[in-house]
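Participant:
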Amino acid sequence: MFKVLFDLLRYNREFLLGTLLILIILALIACSFFAPYGENDIYVVIPDMPPSAEHWLGTNSRGQEIFWQLSISMRNTLMFGVVVAAISRVIAIVVGLVSGYIGGRTDQIIMAVNDTLGALPNIPILLLLVFVLRDQMTWPVLALTAALLGWTHDSRLIRSVALSLRTREFTRHAAFSGMRTGQILFREHLPYVMPIVFFTTMNNLIWAIGLEVTLSILGFSDINRPTIGGMIYWANAHSAMVAGIWWWIAVPMIFVVILFLGLFLLAMSVNEYIDPRSRLARMGA
Amino acid sequence: MNGYLTYVAKRFGQFIFVVVTGVTLAFLIAHFSPVDPIEQTVSLLTNFGSTDPRSVEILRQSLRELYGTDGSLLEQYLTFWGRVIRGDFGPSLSAFPTPVMTIISRALPWTVGLLTLATIISWVLGNTLGAIAGYFRNNRAMKVVGVLVMAMQPIPTYITGLTLVIVFGFLWPILPISGGAQLNLDPAMTWTYIQSVITHGTLPALTLVLVGMGGWFIAMRSLVSNIVTDDYVVYAELGGVPSRTIFSQYVARNAMLPQITGLALSLGNVFGGAVIVEFIFNYPGIGKLMVAGIYAGDYSLVLGVTTISIIAVAAAVFLIDILYPLIDPRVKLG
């Protein structure tokens, strides 16, 4: 495992760049624990100051330092993404492995349900939920809902691998030597799908964070919990673009792009690593 | 032909299944919510003055009839289905007493037009470029295109849209950045009106194309670069088949098929992107309608838009599904 990561860092430029970008984001998040004032305190610094040596990324019209806002927002936004990705990974892995291993009618039924859920447009359903729940829509509820909507595509991918694993020799050996189905799936099959799980986790993070940013920009999340989308929402609410306070909107946008680019590069390079044919193509075969 | 009909019937069954699930989900979310739409509406209306208790009670009664919240859960569920089938979601609150359906049908053509055009353009463009990039793997220009597309791909819709607004609205103002057409024009089949619709639609469509293209490009490139090394392609090359024919008939045609399936799978997400694009560009489609409905606390409008968009997306997926066998002769019919 570590050797693979080390090799990827050494030989794969995309993986290296992705890792560096994610490290920037993580360093930024680490800063949030040293913030000199509370995340919702306002008018603690002079408002509307452009980026300077004193205020690295400037200050906003609510009298907050953008750097500290950014670091806490990034932490909350990434936290949301990680929670969504974790829950939806568990669902995707269980559904994919079970459906692929059992096969036959059960597989058909599970996949029919899977495809039906996948065909539903997420945003309208989430917006309806936000609308009816209003203030009860806290971020854990939103994360859980997003997780329940965001696993169908990946469970299909995992299932296609599990389908081929079930006819392999070692699966039969395991079954004959008396391993229970759960053990076979967890101990024998799970390691085979881990690279796919890693790849889909990155994509799922991008999707979940994008969702959170979208909903927050529209003002449909808890506006007292700083997030990247929330920063843009507040900037819009104060007409930052018209007032010429461009750094208020540009800074969160730049860092969201850094985060997404990092995750995307990691996903791409790992996907290339999984697919042996593209590895051969890289070597010039 | 008989096999095709069976296939269509099967897909239609799936379409119905998706619609039933989606509509049921929308119903359940709306009805198990801790917020009572009627009390919410009453408080919204009584905020503006008139608080005579008797008229409030009459209002409450009529709202209950309007929303069909009388009777048991099952009765309400059946009533809701009756409404969905008749396309009657009651009057809108924010634009009382215009029926919700009238407002939706006014907005729907904008969204359908924008999304259809943008999706087709991004699919065709992404796949064509991706196929070329995969076929000429070692071409330097295509590598540059690849890097550019890969860098564009993970950028969220909002940021792409806002960047276009800044560039084409303020720095180099050549395109309108708000609305669906010029306001003082009559919607008619005149050249000025059509021109106005096109110029207003350019930036929203461009946003959707830029956001959507990358995924198709990357998938198509890896599909094609895998097919190129297949034995039958090598055989065709050795047999002296012109490379143009190999590219279009042997490689691209095969690689296209999973991409059509992918198109059907991605439509739900495309619709999600449209909501934010319509919000940025103030485009008069149903995404903007839904956001406006939420801001205004318009219960029937939000429920109506959700239901209609679930049905519309499912219908579009169904349409792609039944066209698919016409393109792929190998698909199992029956």
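So the protein lines, in turn, are chains B and A. Residue numbers for the first sequence follow our numbering, so the first one is 1 and each next one is one higher. Residue numbers for the second sequence follow our numbering, so the first one is 286 and each next one is one higher. Glycine is no exception: its CB is placed at the ideal position from the N, C-alpha and C atoms.
#1: May I have the straight-line CA-CA distance separating Met505 (chain A) from Pro376 (chain A), to the nearest angstrom?
#2: Please classify Met111 (chain B) as buried or exposed, where buried requires at least 16 neighbouring CB atoms within 10 angstroms.
#3: Using only alpha-carbon positions, find the residue among A:Trp408, A:Asp583, A:Gly464 and A:Leu493 that is nearest to Thr445 (chain A).
#4: Please look up how many angstroms separate the CB atoms of Leu120 (chain B) and Ile595 (chain A), rounded, as I've assumed it's under 8 angstroms.
#5: Going by alpha carbons, who is nearest to Pro569 (chain A) out of A:Gly557, A:Asn412 and A:Pro489?
#6: Please check if any C-beta of chain B sits within less than 8 angstroms of the C-beta of Phe386 (chain A).
#7: By the criterion of Cβ-Cβ separation under 7 angstroms, what are the contact partners of Phe312 (chain A) in chain B?
#8: Does any residue of chain B have a CB that is nearer than 8 angstroms to the CB of Met575 (chain A)?
#9: If the criterion is Cβ atoms closer than 8 angstroms, does the pair Met435 (chain A) and Leu495 (chain A) meet it?
#10: Find out if the Cβ-Cβ distance for the pair Val526 (chain A), Tyr420 (chain A) is shorter than 8 angstroms.
#11: Cβ closer than 9 angstroms: which chain A residues qualify as neighbours of Thr106 (chain B)?
#12: Within 8 angstroms of any Cβ in chain A, is that where the Cβ of Phe186 (chain B) sits?
#13: Confirm, please, whether the CB-CB distance from Tyr580 (chain A) to Val213 (chain B) is below 8 angstroms.
#14: Applying the criterion that 16 or more other CB atoms from any shown protein chain within 10 Å of the CB defines a buried residue, is Arg368 (chain A) buried or exposed?
#15: Quick check: what's the CA-CA separation for Gly619 (chain A) versus Leu266 (chain B)?
#16: Any C-beta of chain A sitting closer than 8 angstroms to the C-beta of Ala143 (chain B)?
#17: Please list the partners that Leu588 (chain A) has in chain B, where partner means a Cβ-to-Cβ separation under 8 angstroms.
#18: Under three-state DSSP, which class holds Glu54 (chain B)?
#19: Using a Cβ cut-off of 8 angstroms, pull out every chain B residue sitting near Ala436 (chain A), in sequence order please.
#20: For Ala285 (chain B), which residues from the same chain have a beta carbon less than 6 angstroms from its beta carbon, with the 5 sequence-adjacent residues on both sides left out?
#21: Is there a C-beta anywhere in chain B that falls below 8 angstroms from the one on Phe302 (chain A)?
#22: Pro376 (chain A) by DSSP, collapsed to three states: which one?
#23: I want to see whether chain A comes within less than 8 angstroms of His55 (chain B), judged by CB atoms only; does it?
#24: Enumerate in chain order the residues of its own chain whose CB-to-CB distance from Trp248 (chain B) is below 6 angstroms, with the five nearest sequence positions on each side excluded.
#25: Taking Val161 (chain B) as the reference, give the member of B:Leu117, B:Ile274, B:Val4 and B:Phe176 with the closest Cα.
#26: Helix, strand or coil for Pro394 (chain A) per DSSP?
#27: Taking the alpha carbon of Ile232 (chain B) as the reference point, which residue from A:Glu522, A:Ile565 and A:Leu552 has its own alpha carbon closest?
#28: Residues of chain A with a CB under 8 angstroms from the CB of His238 (chain B): which are they?
#29: Measuring CB to CB, does Ile440 (chain A) end up less than 8 angstroms from Met427 (chain A)?
#30: Thr396 (chain A) and Ala559 (chain A) look like a contact to me (Cβ under 8 angstroms); what is the Cβ gap, rounded to whole Å?
#31: Give the list of continuous beta strand (DSSP E) stretches no shorter than 3 residues that lie fully inside the stretch 160–218 of chain B.
#32: From which residue to which residue does the alpha helix (DSSP H) around His316 (chain A) run?
#33: Does Glu65 (chain B) come out as helix, strand or coil in the three-state DSSP assignment?
#34: Do you know how far the Cα of His153 (chain B) is from the Cα of Met541 (chain A)?
#35: Is Ile545 (chain A) near Ile605 (chain A), with beta carbons less than 8 angstroms apart?
#36: CA-CA distance, Arg13 (chain B) and Val45 (chain B)?
Facilitator: With the structure as the only source:
#1: Taking the first residue of the second sequence as 1, we reach residue 505 (chain A) at position 220. Taking the first residue of the second sequence as 1, we reach residue 376 (chain A) at position 91. Approximately 47 angstroms between the Cα atoms of the pair.
#2: Residue mapping note: residue 111 (chain B) aligns to position 111 of the first sequence, counting from 1. Buried, by the Cβ-count rule.
#3: For the purposes of this step, residue 445 (chain A) is identified with residue 160 of the second sequence, where counting begins at 1. The shortest C-alpha to C-alpha distance from Thr445 (chain A) to any of A:Trp408, A:Asp583, A:Gly464 and A:Leu493 is the one to A:Leu493.
#4: Taking the first sequence and counting its residues from 1, the one referred to as residue 120 (chain B) is at position 120. Taking the second sequence and counting its residues from 1, the one referred to as residue 595 (chain A) is at position 310. Confirmed, about 6 angstroms.
#5: Here residue 569 (chain A) corresponds to residue number 284 of the second sequence, with the count starting at 1. That would be A:Pro489, whose Cα lies nearest to the Cα of Pro569 (chain A).
#6: Along the second sequence, one-based indexing puts residue 386 (chain A) at 101. Note that residue 386 (chain A) is Met in the sequence shown here, rather than Phe. Interface residue (Cβ-Cβ distance to chain B less than 8 angstroms): Met386 (chain A) is not classified as such.
#7: Taking the second sequence and counting its residues from 1, one reaches residue 312 (chain A) at position 27. By Cβ distance, chain B contributes nothing, its closest Cβ being about 10 angstroms from Phe312 (chain A), past 7 angstroms.
#8: Here residue 575 (chain A) corresponds to residue number 290 of the second sequence, with the count starting at 1. Residue-level contact by beta carbon holds for Met575 (chain A) and chain B, with a gap shorter than 8 angstroms.
#9: In the second sequence, counting from the first residue as 1, residue 435 (chain A) sits at position 150. In the second sequence, counting from the first residue as 1, residue 495 (chain A) sits at position 210. No; because the gap between Cβ atoms is not below 8 angstroms, this pair is not in contact.
#10: As a working note, residue 526 (chain A) is residue 241 in the second sequence. As a working note, residue 420 (chain A) is residue 135 in the second sequence. At the C-beta level, Val526 (chain A) and Tyr420 (chain A) stay beyond 8 angstroms of one another.
#11: Your numbering for residue 106 (chain B) matches position 106 in the first sequence. Within 9 angstroms Cβ-Cβ: nothing; Thr106 (chain B) doesn't reach chain A, min ~18 angstroms.
#12: In the first sequence, residue 186 (chain B) corresponds to position 186, counting from 1. Taking 8 angstroms as the threshold, the shortest C-beta distance from Phe186 (chain B) to chain A does not fall below it.
#13: As a working mapping, residue 213 (chain B) is identified with position 213 in the first sequence. As a working mapping, residue 580 (chain A) is identified with position 295 in the second sequence. Against a cut-off of 8 angstroms, the Cβ pair of Tyr580 (chain A) and Val213 (chain B) comes out as no contact.
#14: Counting from 1 along the second sequence, the entry for residue 368 (chain A) is found at position 83. Buried is the call here.
#15: Here residue 619 (chain A) refers to the residue found at position 334 of the second sequence. Here residue 266 (chain B) refers to the residue found at position 266 of the first sequence. Any reading at Gly619 (chain A) needs caution, since the residue's pLDDT is 41, under 50, leaving its predicted position unreliable; the model's value is listed next. Roughly 42 angstroms between the two C-alpha positions.
#16: By one-based count along the first sequence, residue 143 (chain B) stands at place 143. No, Ala143 (chain B) does not count as interfacial toward chain A.
#17: Within the second sequence, the letter at position 303 stands for residue 588 (chain A). Chain order gives the chain B residues near Leu588 (chain A) as Leu128, where near means a beta carbon separation below 8 angstroms.
#18: Numbered from its first residue, the first sequence carries residue 54 (chain B) at position 54. Three-state DSSP puts Glu54 (chain B) in coil, outside helix and strand.
#19: Position 151 of the second sequence, counting from 1, holds the residue named residue 436 (chain A). Correct list: Leu261.
#20: Counted from its first residue, the first sequence places residue 285 (chain B) at position 285. The predicted model places Ala285 (chain B) with a pLDDT of 42, which falls under 50 and marks its position as unreliable; any figure quoted below should be read in that light. Nothing listed; no residue qualifies.
#21: By 1-based counting over the second sequence, the position of residue 302 (chain A) is 17. Chain B, which has a Cβ nearer than 8 angstroms to the Cβ of Phe302 (chain A), makes this yes.
#22: Position 91 of the second sequence, counting from 1, holds the residue named residue 376 (chain A). It is a strand residue.
#23: As a first step, residue 55 (chain B) is located in the first sequence; it is residue number 55 there, counting from the start. Under the Cβ criterion of 8 angstroms, His55 (chain B) is not counted among the residues facing chain A.
#24: Locating residue 248 (chain B) in the first sequence gives position 248, counting from the first residue. Within the same chain, Cβ atoms closer than 6 angstroms to the Cβ of Trp248 (chain B) are found at Asn60, Ala235 and Ala240, the five residues on either side in sequence being excluded.
#25: Mapped onto the first sequence, residue 161 (chain B) falls at position 161. Cα-wise, what sits closest to Val161 (chain B) is B:Ile274.
#26: Start at 1 with the first residue of the second sequence, and residue 394 (chain A) comes out as number 109. Helix, per DSSP.
#27: One-based indexing of the first sequence puts residue 232 (chain B) at position 232. Comparing Cα positions, the closest option is A:Ile565.
#28: Position 238 of the first sequence, counted from the first residue, corresponds to residue 238 (chain B). Taking a Cβ-Cβ threshold of 8 angstroms, none of the residues of chain A is close to His238 (chain B); the smallest such distance is about 16 angstroms.
#29: Indexing the second sequence from 1 puts residue 440 (chain A) at position 155. Indexing the second sequence from 1 puts residue 427 (chain A) at position 142. Taking 8 angstroms as the Cβ cut-off, Ile440 (chain A) and Met427 (chain A) do not qualify as a contacting pair.
#30: Numbered from 1 along the second sequence, position 111 holds the residue referred to as residue 396 (chain A). Numbered from 1 along the second sequence, position 274 holds the residue referred to as residue 559 (chain A). Indeed they touch by this definition, with Cβ atoms about 6 angstroms apart.
#31: Runs of the beta strand (DSSP E) spanning 3 or more residues and lying entirely within the stretch 160–218 of chain B do not occur at all.
#32: For the purposes of this step, residue 316 (chain A) is taken as residue 31 along the second sequence, with counting starting at 1. Per DSSP, the continuous alpha helix (DSSP H) segment holding His316 (chain A) begins and ends at Asn287 to His316.
#33: Position 65 of the first sequence, counted from the first residue, corresponds to residue 65 (chain B). Here Glu65 (chain B) sits in strand by DSSP.
#34: Position 256 of the second sequence holds residue 541 (chain A). Position 153 of the first sequence holds residue 153 (chain B). When rounded, the distance between both Cα atoms is 19 angstroms.
#35: Residue mapping note: residue 545 (chain A) aligns to position 260 of the second sequence, counting from 1. Residue mapping note: residue 605 (chain A) aligns to position 320 of the second sequence, counting from 1. The answer is yes: Cβ separation under 8 angstroms.
#36: The residue labelled residue 13 (chain B) in the question sits at position 13 within the first sequence. The residue labelled residue 45 (chain B) in the question sits at position 45 within the first sequence. Taking the straight line joining both Cα atoms gives about 41 angstroms.
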